[in-house]
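Enquirer:
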Amino acid sequence: MRVIAREVVHVVAVALLALLLTSFALGTLAIPAQEVSWSCVPLGPDAAQFGWVRRTMELLSSGVTLGFCDSPITRGAIIPGTIRAAGTTGLLVLLASVCSTLIAVPLGMRLAMPGSSVAVRITRTGIDAISSLPVLVWCTLLFVVLARGFGVIPGDARHPYLTTAVAVLALVSGDRLLAELVQRVESATSDTLSEPYMRTVRAGGFGVRAHLARSLVSPVATAVLSRAMFLVSGAIIVELIFDLPGLGSLIRQSLGRATPDPKVALAATMALIAFGTVFRATRQSVVWLVDRRVHR
Amino acid sequence: MQTITATTVQPAHAARTERWWRRGGAPLWMGVTLLCALSSVHLSLPAADSSENRSENRQDFALEPSHSSLLRSWLSPRSGTDYVCVAFVGSIDGDCAPTSTPRFAAPMRPIARVGEGYRYAPSLTGRVVEWRMDGQPTTLSVHSATGVVTGTPTQTGRFEITLSAVQSPDSIVQQRITLYVDDRTLWFGADRFGDDILRNALVAVSRALLPAWLTVCVGVVGGTLIGAFAGFYGGAARRLLLVGVSALQSVPGLLLVFIAASASDLDRWVMTTVVGLILAPEVALGVMQRVESFRSREFVDAAREIGMPDRAILWHEIVWLNGRDFLVQRVANGLVFATIMDITLSYVGLLDSNTLSVGTMLRSGRATLVGGGSSGEAVAAVLGILMLVSTFMLLSRGVRALWARPR
Chain F
6 MRVIAREVVH
16 VVAVALLALL
26 LTSFALGTLA
36 IPAQEVSWSC
46 VPLGPDAAQF
56 GWVRRTMELL
66 SSGVTLGFCD
76 SPITRGAIIP
86 GTIRAAGTTG
96 LLVLLASVCS
106 TLIAVPLGMR
116 LAMPGSSVAV
126 RITRTGIDAI
136 SSLPVLVWCT
146 LLFVVLARGF
156 GVIPGDARHP
166 YLTTAVAVLA
176 LVSGDRLLAE
186 LVQRVESATS
196 DTLSEPYMRT
206 VRAGGFGVRA
216 HLARSLVSPV
226 ATAVLSRAMF
236 LVSGAIIVEL
246 IFDLPGLGSL
256 IRQSLGRATP
266 DPKVALAATM
276 ALIAFGTVFR
286 ATRQSVVWLV
296 DRRVHR
Chain A
15 MQTITATTVQ
25 PAHAARTERW
35 WRRGGAPLWM
45 GVTLLCALSS
55 VHLSLPAADS
65 SENRSENRQD
75 FALEPSHSSL
85 LRSWLSPRSG
95 TDYVCVAFVG
105 SIDGDCAPTS
115 TPRFAAPMRP
125 IARVGEGYRY
135 APSLTGRVVE
145 WRMDGQPTTL
155 SVHSATGVVT
165 GTPTQTGRFE
175 ITLSAVQSPD
185 SIVQQRITLY
195 VDDRTLWFGA
205 DRFGDDILRN
215 ALVAVSRALL
225 PAWLTVCVGV
235 VGGTLIGAFA
245 GFYGGAARRL
255 LLVGVSALQS
265 VPGLLLVFIA
275 ASASDLDRWV
285 MTTVVGLILA
295 PEVALGVMQR
305 VESFRSREFV
315 DAAREIGMPD
325 RAILWHEIVW
335 LNGRDFLVQR
345 VANGLVFATI
355 MDITLSYVGL
365 LDSNTLSVGT
375 MLRSGRATLV
385 GGGSSGEAVA
395 AVLGILMLVS
405 TFMLLSRGVR
415 ALWARPR
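Protein sequence lines, in the order shown, are assigned to chains F and A.
If you're matching positions, the first sequence starts at 6 in the working numbering and goes up one per residue.
If you're matching positions, the second sequence starts at 15 in the working numbering and goes up one per residue.
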């Protein structure tokens, strides 16, 4: 119980601190003085005339009480619009994580087995090379290949699944998660295979895969969930390039010069903080469930 | 009979060079060469005025110098004061004043190649009775019903073209451009302003270097100072660092940079500093862990015994001799991070869009692709990024290999 209470306190404290930081940063923006939309705030439509302290407090109170209203950016109420955008971002992150895991786990296991083939080793080197290039580069390259090679423009509403697939591919290629997973799975498999009890398992003629799978849950979950916030950052870039309606485009519009709206930016930030909180809680829970010694 | 074989004795300096080469000299040499080449691009290439005056407002009928001084001086002996209206919409008397309707969906490409087909299919709101074109090369023609401009230019030159769409006897919409017919070999082609894309990419990449170094100075130097003190002395400094890192890492760095860019009214240097500050906690945490792991080693106790001050132990024995590998890697990663961040910000329009940068090239390349144009600009920008990343990685690898102890 103490462990859970400590985690909850930590998560709440960090979330509040992040909310405070973001409210302060948005409250001191240079843009609001002239152009920002301060719709639906207790200070009224003249909020921009007040100082940055009042604006910061305004945003902070909105954030704490979820007192958001409508915005043209979300085409209606801010909270449902942000949740929809967060859903797109979350889906991208989830798909990228699943794809990376599906590629990395068998490959890492093959690499750890004695006498792995040259092809497997070359694949590992290839993955290392691919992961060393950033998401932005992969997005642009895939965009060029699709547009020139197949005449399909990503972001085109007529090809939503293709756009999503290419976006996930760009995210998987550009993030370090895949390379990190291969490395962790290989190392965890080697460690498990060298355990004394594995000799008994082998001598008894039992399969080692079930034991290996159990030992891989913790490193895979830790790697994926530790890397998840980086995946979110990558997803924001992917969304900007492929015109996907996620948190990235929400943030760009809310901070852009055409339709600035700090409330939308704050709502998007809160969604990102929520992502961070969920990832952390899931990681701690998985690790605790798999190996309870960790928290003792 | 015994055979005597003569062995070749290498001179001492040749052996030293070979050892240096084997121990990491090759990547270091390549990295330094690339870095010097990229840094000197500014000096070797003439300045391009159009790149300084790029504006997204071109579509809003701005009057601007349209082409690089290089191209203009080659094609036109006149001074740089000639302005070309690149308005998508013109009024009946040819002004570039903004009007609401009707408007062309896209302008004509301002550059054509000798011997290559040129085609432009205008799209205009409203019904058009007849299309006319004046001032074009003799080999270009317009279809009077569809307005499609086709042909293959056969001679170089500069042509003031007016494309007129007659919607009614009282309403004629005009688009006026200066068409440059060029016969130079441009590896990646020309952008929509007629500039050489390869040249633009090199200039843009060289411009990304200075902000990246500034970011690293703030992030790595600041992070190292904080991390080393927190790791060596522990206590409140350590706790403060951990809390700070936790708070900063709870919000994605990209978002913080976006907010900072907006708050500073898109000031590039403020944004660069903020990127450095985002980099600092991670560096500080790494340095702190490293210092903590070395703090209780025997050699530290021995150094204290012989009267070495704490400051010297921390900076020379721990950070320099045992942590420089880590720092070099952080510098390389930081340079890549800063470059990508800079490119992303200029791509999303949170940096000055009038300045030529890799991000604006990527954005422009994307727009060109969406419009069915060439992929040269996007590919050149990606190659530029690859060149930068490779340079940083080669430098890091070379320096670390040279510093590594022979085993």
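Glycine included, each C-beta is placed from N, C-alpha and C at the ideal position.
Name, in chain order, the residues that DSSP records as bridge partners for A:T176.
Expert: Its beta-bridge partners are A:D148, A:R190.
Enquirer: Would you mind reading off the limits of the beta strand (DSSP E) that contains A:L376?
Expert: That residue, A:L376, is in no beta strand (DSSP E); its alpha helix (DSSP H) goes 372-384.
Enquirer: Does DSSP put F:Q188 in a helix, a strand or coil?
Expert: Three-state result, F:Q188: helix.
Enquirer: Under the rule that 16 or more other beta-carbon atoms within 10 Å means buried, what is A:G245, buried or exposed?
Expert: Classification for A:G245: buried.
Enquirer: Sorted by chain position, which residues of the same chain lie with C-beta nearer than 6 Å to F:D133's C-beta, five sequence neighbours on each side aside?
Expert: Contacts found: A184.
Enquirer: Hey, is the region 251-264 of chain F in contact with the region 123-141 of chain F, meaning 3+ C-beta pairs nearer than 8 Å?
Expert: No: fewer than three Cβ pairs fall under 8 Å.
Enquirer: Based on the DSSP output, what are the partners of A:D210 in its beta bridges?
Expert: DSSP, once it has assigned bridges, lists A:A204 as partnering A:D210.
Enquirer: Interface residues of chain A around F:M234 at Cβ under 7 Å?
Expert: The contacting residues are P266.
Enquirer: Rounding to the nearest angstrom, what Cα-Cα distance links F:A270 and F:V58 in this structure?
Expert: Approximately 18 Å, taken between the alpha carbons.
Enquirer: Is any beta-carbon of chain A found at less than 8 Å from that of F:V19?
Expert: Answer yes: the Cβ-Cβ gap between F:V19 and chain A drops below 8 Å somewhere.
Enquirer: Would A:V14 count as contacting chain F if we go by Cβ distances under 8 Å?
Expert: Absent from the structure is residue 14 of chain A, since the part of chain A shown begins at 15 and ends at 421.
Enquirer: Nearest CA to the CA of A:T405: which residue from A:G165, A:P41, A:P295, A:M375?
Expert: Selected option, being the one with the closest Cα: A:P41.
Enquirer: What first and last residue would you give for the alpha helix (DSSP H) that runs through A:S276?
Expert: Here the alpha helix (DSSP H) through A:S276 covers 267-277.
Enquirer: Do the CB positions of F:A273 and F:T87 come within less than 8 Å of each other?
Expert: Going by C-beta atoms, F:A273 is nearer than 8 Å to F:T87.
Enquirer: Determine which residues share a DSSP beta bridge with A:L154 and list them.
Expert: A:L154 pairs with A:G165.
Enquirer: Look at the alpha carbon of A:V128 and the alpha carbon of A:D205, and state the distance between them as a whole number of angstroms.
Expert: Cα to Cα, the separation comes out at about 16 Å.
Enquirer: Give me, in chain order, the residues of the same chain whose beta-carbon lies closer than 7 Å to that of F:S231; leave out the 5 immediate sequence neighbours on both sides.
Expert: R288, listed in sequence order.
Enquirer: Determine the chain F residues that contact A:L400 at a beta-carbon separation under 8 Å, and present them in chain order.
Expert: Going along chain F in sequence order, the residues near A:L400 (Cβ under 8 Å) are L138, V142.
Enquirer: Residues of chain A with CB under 7 Å from F:I242, in chain order?
Expert: In chain order: T358.
Enquirer: Closer than 8 Å is the cut-off here; do at least three beta carbon pairs connect the region 293-306 of chain A with the region 319-336 of chain A?
Expert: The region 293-306 of chain A, when compared against the region 319-336 of chain A, does touch it at the 8 Å Cβ threshold.
Enquirer: A:V234: which of A:M147, A:F313, A:T287, A:F118 sits nearest, CA to CA?
Expert: Among A:M147, A:F313, A:T287, A:F118, the Cα nearest to that of A:V234 is on A:T287.
Enquirer: If we count the other Cβ atoms within 10 Å of its Cβ and call it buried at 16 or more, is F:I127 buried or exposed?
Expert: When all chains shown are included, F:I127 counts as exposed.
Enquirer: Determine whether the beta carbon atoms of F:G179 and F:G239 lie at a separation below 8 Å.
Expert: Yes, the pair counts as a contact, with Cβ atoms nearer than the cut-off.
Enquirer: Along chain A, which residues have their Cβ under 9 Å away from the Cβ of F:T145?
Expert: Going along chain A in sequence order, the residues near F:T145 (Cβ under 9 Å) are L376, G379, R380, A392, V393, A395, V396, I399.
Enquirer: Can you check whether the C-beta of F:F73 is within less than 8 Å of a C-beta belonging to chain A?
Expert: It does not; no Cβ of chain A falls within 8 Å.
Enquirer: Please confirm whether A:S276 has its beta-carbon closer than 8 Å to some beta-carbon of chain F.
Expert: Yes, A:S276 counts as interfacial toward chain F.
Enquirer: Just grab the DSSP bridge partners of A:D196 for me.
Expert: Partner(s): A:R127.
Enquirer: Could you tell me which residues DSSP puts in a beta bridge with F:G81?
Expert: DSSP, once it has assigned bridges, lists F:S76 as partnering F:G81.
Enquirer: Could you tell me which chain A residues have their CB closer than 8 Å to the CB of F:S102, listed as they occur along the chain?
Expert: By Cβ distance, chain A contributes nothing, its closest Cβ being about 16 Å from F:S102, past 8 Å.
Enquirer: Using a Cβ-Cβ distance under 8 Å, would A:L383 count as near chain F?
Expert: So, interface residue.
Enquirer: On the criterion of 16 or more Cβ atoms from any shown chain inside 10 Å, does F:L294 qualify as buried, or is it exposed?
Expert: So F:L294 ends up on the exposed side.
Enquirer: Please go through the same chain and pick out, in chain order, the residues whose beta-carbon is closer than 6 Å to the beta-carbon of F:T61, but skip the five residues on each side of it.
Expert: S28, F29, G32.
Enquirer: Strictly below 8 Å CB to CB, what residues from chain A border F:L97?
Expert: Correct list: empty, because the minimum Cβ distance to chain A is about 14 Å.
Enquirer: Mind checking which residues open and close the beta strand (DSSP E) that includes A:R133?
Expert: Its beta strand (DSSP E) spans residues 132-134.
Enquirer: Taking only beta-carbon positions, decide if A:G131 is within less than 8 Å of chain F.
Expert: No, its Cβ sits nowhere closer than 8 Å to a Cβ of chain F.
Enquirer: Taking any Cβ of chain A, which residues in the region 76-95 of chain F have a Cβ under 8 Å from it, in chain order?
Expert: The region 76-95 of chain F vs chain A, Cβ under 8 Å: nothing.
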